[in-house]
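Sequential numbering from 20 applies to the sequence shown in this note's numbering. All remarks here apply to the structure that follows.
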Amino acid sequence: MSLVYRIIESPVGRLKLVAGAAGLKAVTWESEGAERVRLDAMHVDETHPTLHAAQQQLAEYFAGQRKHFELLLDPRGTVFQQAVWRALLAIPYGETRSYRDIARQIGRPEAVRAVGAANARNPLCIVVPCHRVIGSSGAMTGFAGGLQAKSHLLALESNATARAGTGVVMGEDGLARPPWAAVDPLLRHYYDTEWGMPVRDERGLFERLSLECFQSGLSWATILRKREAFRAAFNQFDPDVVAAYDEADVERLMADAGIVRNRAKILATINNAAATLALRAHGGLVNFIWSFQPAQTPTPRSIDEIPTVSEASTALSKALRARGFKFVGPTTMHALMEATGMIDTHLMDSHRRGSSGIWPA
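This is the structure we're talking about:
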């Protein structure tokens, strides 16, 4: 039997599923070249039962409803590679191991580098969880689908695991964080040092308002990685400068690959800069936004208990729109209130609960 394949959509990109007579041969990214995983000639098959089962189980995995795959696997590899891949299958859902851990597990403690090479050659990504292998220091390491995909997978598993307990994930440093801040070093640093801390200067608050606008429909990690490019593109979010942008500036921004090139959001940011200037005659942006701080803050013990909108964020959204602001919906404003310390939605068991100094721990 020749190999068959199908392409499926997933939260981490388009995946290529490949099967043969003995089972599932590969799960790779459609964008990958042929060098990492070498396979024989194949043709599309949208009805093959192995591919159908793999697609269904992957959908359940991404929905947080499956922790173990029940598929016949038939990866091609050397004896050593097969031993490494079996060790990967033994890593529990929601946990990670280092290359050194895997080397010891297979009885080859000196073969750390070879383990890394075998991990990189794993043809069954996600199903054989090579994404659960990290550096000995806890740092993220290479992944066929890219580090953003790896972060997504680890956060997905941490998230699902946290739902069964207190909601927090205990880091290797002994500090408890929510799942979204537990894996990616950039998100972890942002959470530990900035998220939820009060912002009471005009430029800082205008920046946060603008970034929340651009984040709409995207991951916050994407915005953080582009943050310095955003700052450079928008003159450090100086509202006096941004409010004066003209069509040439809009085209400049649309050509800037370092930011999110969404014309409506770019125009909204320029508009919001002008609206910020207009608010100066009425107490300013900072006083205006902080006047909607509620009398109480949520006290979530699990991620399920964290609201995504509130009466206060709805009122703030309505008031900002009345002042001419755009892309300031209630959900976006709730996220702004969380990020700037107006409310404290740190989980009750998080090491950052109460860190703003505004709300008790």
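For each residue, glycine too, the CB sits at the ideal point set by N, CA and C. Computed from a predicted structure; not experimentally measured.
- Relative to the Cα of Arg-299, the nearest Cα in the group Arg-222, Glu-266 and Leu-272 belongs to Arg-222.
- In the displayed model, Leu-237 falls within coil according to three-state DSSP, outside both helix and strand.
- In the structure shown, the three-state DSSP call for Met-356 is helix.
- Partner residues in the beta bridge of Lys-35, as assigned by DSSP, are Ile-26 and Thr-47.
- Annotation for Pro-94: Pro-142 and Leu-143 place their beta carbon closer than 6 Å to its own, counting only its chain and skipping 5 residues before and after.
- The shortest C-alpha to C-alpha distance from His-62 to any of Arg-105, Tyr-24, His-71 and Met-352 is the one to Tyr-24.
- Three or more beta-carbon pairs drawn from the stretch 254-265 and the stretch 287-303 are found closer than 8 Å, and the two stretches are therefore classed as touching.
- Nearest in C-alpha terms to Val-146, of all of Glu-231, Glu-270, Lys-35 and Ile-125, is Lys-35.
- About 6 Å separates the Cβ atoms of Gly-186 and Arg-320, confirming a contact at the 8 Å cut-off.
- Proximity to Ala-73 across Leu-43, Ala-358 and Gln-101 peaks at Leu-43, based on C-alpha coordinates.
- In the three-state scheme derived from DSSP, where H, G and I count as helix and E and B as strand, Ser-117 is classed as strand.
- With 16 or more other Cβ atoms from the protein chains shown falling within 10 Å of its own Cβ, Pro-198 counts as buried.
- Counted as a single uninterrupted DSSP element, the alpha helix (DSSP H) harbouring His-208 occupies residues 204-212.
- Leaving aside the five residues that flank Ser-155 on each side, the residues in its chain whose CB is nearer than 8 Å to its CB run, in chain order, Ser-117, Tyr-118 and Arg-119.
- Separation of Ala-201 and Asp-363 (C-alpha to C-alpha, rounded to the nearest whole angstrom) is 18 Å.
- Counting along the chain, no beta strand (DSSP E) covers His-71; the unbroken alpha helix (DSSP H) around it starts and ends at 68-81.
- Residues of the same chain with a CB within less than 6 Å of the CB of Leu-339, apart from the 5 flanking positions on each side, are Val-347 in chain order.
- Here the alpha carbons of Glu-176 and Arg-280 stand approximately 31 Å from one another.
- Annotation for Val-347: no alpha helix (DSSP H) segment contains it, and DSSP assigns it neither H nor E.
- By the criterion of at least three beta-carbon pairs nearer than 8 Å, the stretch 300-317 is in contact with the stretch 326-335.
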